[in-house]
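Report on the following structure.
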Amino acid sequence: MNYQREMLSEAQKAIAETPEQRSKITDLYQLAMDEIEDGGSESHEYELFMGEIETIKEGTPNE
-3 MNYQREMLSE
7 AQKAIAETPE
17 QRSKITDLYQ
27 LAMDEIEDGG
37 SESHEYELFM
47 GEIETIKEGT
57 PNE
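In terms of the numbering used here, the sequence shown has 8 at position 12, counting the first letter as 1, and numbering is strictly consecutive.
Here it is in C-alpha coordinates:
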(Lines of atoms letter the chains of each structure in order from A and count residues from 1; the text may use other names and numbers.)
(Lines give C-alpha, C1' and ligand atoms only; values in the text may rest on other atoms or scores of the structure.)
Protein backbone atom coordinates (compact mmCIF):
# COMPACT_ATOMS: atom_id res chain seq x y z
CA MET A 1 0.00 0.00 0.00
CA ASN A 2 1.20 3.48 -0.79
CA TYR A 3 0.32 5.13 2.51
CA GLN A 4 1.12 8.66 1.42
CA ARG A 5 -1.11 8.42 -1.64
CA GLU A 6 -3.86 6.83 0.44
CA MET A 7 -3.66 9.61 3.06
CA LEU A 8 -3.95 12.25 0.33
CA SER A 9 -7.00 10.48 -1.09
CA GLU A 10 -8.61 10.16 2.35
CA ALA A 11 -7.86 13.80 3.13
CA GLN A 12 -9.55 14.87 -0.10
CA LYS A 13 -12.61 12.71 0.68
CA ALA A 14 -12.83 14.06 4.23
CA ILE A 15 -12.62 17.65 2.99
CA ALA A 16 -15.40 16.95 0.49
CA GLU A 17 -17.55 15.48 3.29
CA THR A 18 -16.69 18.08 5.94
CA PRO A 19 -15.53 21.26 4.17
CA GLU A 20 -15.79 23.26 7.40
CA GLN A 21 -12.95 21.10 8.77
CA ARG A 22 -10.64 21.72 5.78
CA SER A 23 -7.98 23.54 7.81
CA LYS A 24 -7.85 20.86 10.49
CA ILE A 25 -7.66 18.06 7.91
CA THR A 26 -4.89 19.74 5.92
CA ASP A 27 -2.96 20.35 9.14
CA LEU A 28 -3.28 16.66 10.07
CA TYR A 29 -2.15 15.61 6.61
CA GLN A 30 0.86 17.93 6.72
CA LEU A 31 1.80 16.71 10.20
CA ALA A 32 1.71 13.09 8.99
CA MET A 33 3.86 13.94 5.96
CA ASP A 34 6.35 15.82 8.16
CA GLU A 35 6.60 12.85 10.53
CA ILE A 36 7.23 10.48 7.61
CA GLU A 37 9.91 12.80 6.21
CA ASP A 38 11.54 12.79 9.66
CA GLY A 39 11.74 8.99 9.59
CA GLY A 40 8.40 8.04 11.08
CA SER A 41 6.68 4.82 10.04
CA GLU A 42 4.28 5.38 7.14
CA SER A 43 1.87 2.73 8.40
CA HIS A 44 1.85 4.21 11.91
CA GLU A 45 1.27 7.74 10.62
CA TYR A 46 -1.50 6.40 8.38
CA GLU A 47 -3.26 4.78 11.34
CA LEU A 48 -2.99 7.96 13.43
CA PHE A 49 -4.21 10.09 10.52
CA MET A 50 -7.19 7.84 9.81
CA GLY A 51 -8.14 7.80 13.49
CA GLU A 52 -8.20 11.59 13.56
CA ILE A 53 -10.20 11.72 10.32
CA GLU A 54 -12.80 9.37 11.81
CA THR A 55 -12.99 11.54 14.93
CA ILE A 56 -13.59 14.61 12.78
CA LYS A 57 -16.30 12.84 10.77
CA GLU A 58 -18.04 11.57 13.92
CA GLY A 59 -18.04 15.05 15.41
CA THR A 60 -19.72 16.57 12.37
CA PRO A 61 -23.52 16.37 12.29
CA ASN A 62 -24.97 14.83 9.15
CA GLU A 63 -27.19 17.10 7.13
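A virtual CB, placed ideally from N, CA and C, is assigned to each residue, including glycine.
For residue 5, the three-state secondary structure derived from DSSP is helix. Of the other Cβ atoms in all chains shown, fewer than 16 fall within 10 Å of the Cβ of residue 12; this residue is therefore exposed.
In the three-state reduction of the DSSP assignment, residue 37 falls in the coil class, being assigned neither a helical nor a strand state.
Under the three-state reduction of DSSP output, residue 47 falls in the helix class. For residue -3, the three-state secondary structure derived from DSSP is coil.
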